[in-house]
Amino acid sequence: MKKIIALTAGLICAGGVFAQMTPEGLWRNIDDKTGQAKAEIRITANSAGVLSGVVEKALIPSPEPLCKECTDDRKDKPKLGLEIIRGAKKTEGKDVWEDGKILDPENGKNYTLRMEPLEDGKKLQVRGYIGPFYRTQIWQRIQ
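Using the numbering used here, read the sequence shown as starting at 85 and increasing by one per residue.
Have a look at this one:
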């Protein structure tokens, strides 16, 4: 009986750790230039495991509430509720999500995306590339 209880407890704990090693959840993004928290982004997966991320809450008011600089279907859409992450997929055999795009709604630029959970999923390294140039932010998990 003690073995069953110990095994069950171990599986529950292991499941909790495993579940956190994914970008899915609610994140606070930290600006790589100022170090300030800017927004809360919810990342979800569709049935095929492809990730998307939506701005749920702005922590710093934007002087422009619409994505005026966007050049695709998000042009002139409110930044609050805007899908800024599209198409990220898990790399086979790694805890890395790539092949998607991330939008900077301040300048309208789409970056090639790479995300990797850090510190047992408590943080998320988010890197956006345009050619050889990139920006990296470390986001903090809220839930």
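Heads up, the beta-carbon is just placed ideally off N, CA and C, and yes, glycines get one too. The model shown is predicted, which means the values in this text are computed figures rather than measured ones.
- One thing to note: Leu143 has its Cβ within 8 Å of the Cβ of Ala121.
- Around Gly171, the same chain offers Val134, Asp183, Gly184, Lys185 as residues with beta carbons nearer than 7 Å, after the five sequence neighbours per side are excluded.
- When the beta-carbon positions are compared, Trp181 and Lys207 stay at least 8 Å from each other.
- For a cut-off of 8 Å, the C-beta gap from Asp179 to Glu203 is around 12 Å, too long to register as a contact.
- The alpha-carbon separation between Pro216 and Pro145 amounts to approximately 31 Å.
- Note on the region 145-196: whole beta strand (DSSP E) runs with a minimum of 3 residues are 167-174, 181-188, in chain order.
- Taken through DSSP and simplified to helix, strand or coil, Gly137 comes out as strand.
- In the same chain as Asp116, and ignoring 5 residues on each side of it, the C-beta atoms closer than 7 Å to its own belong to Arg219, Thr220, Gln221, in chain order.
- Taken through DSSP and simplified to helix, strand or coil, Glu200 comes out as strand.
- Judged by DSSP secondary structure, Leu143 falls outside any beta strand (DSSP E); it is assigned neither H nor E.
- With respect to the C-alpha of Glu140, the residue from Thr155, Thr196, Asp157, Ile169 having the closest C-alpha is Ile169.
- Distance from Pro189 to Lys163 at the Cβ level is roughly 5 Å; contact confirmed, criterion being Cβ atoms closer than 8 Å.
- Scanning Ala129, Thr155, Glu167 for the CA closest to the CA of Gly109 turns up Ala129.
- Rounded to the nearest angstrom, the gap between the Cα atoms of Glu153 and Glu167 is 14 Å.
- Residue state for Gly205 is assigned as helix, using DSSP reduced to three classes.
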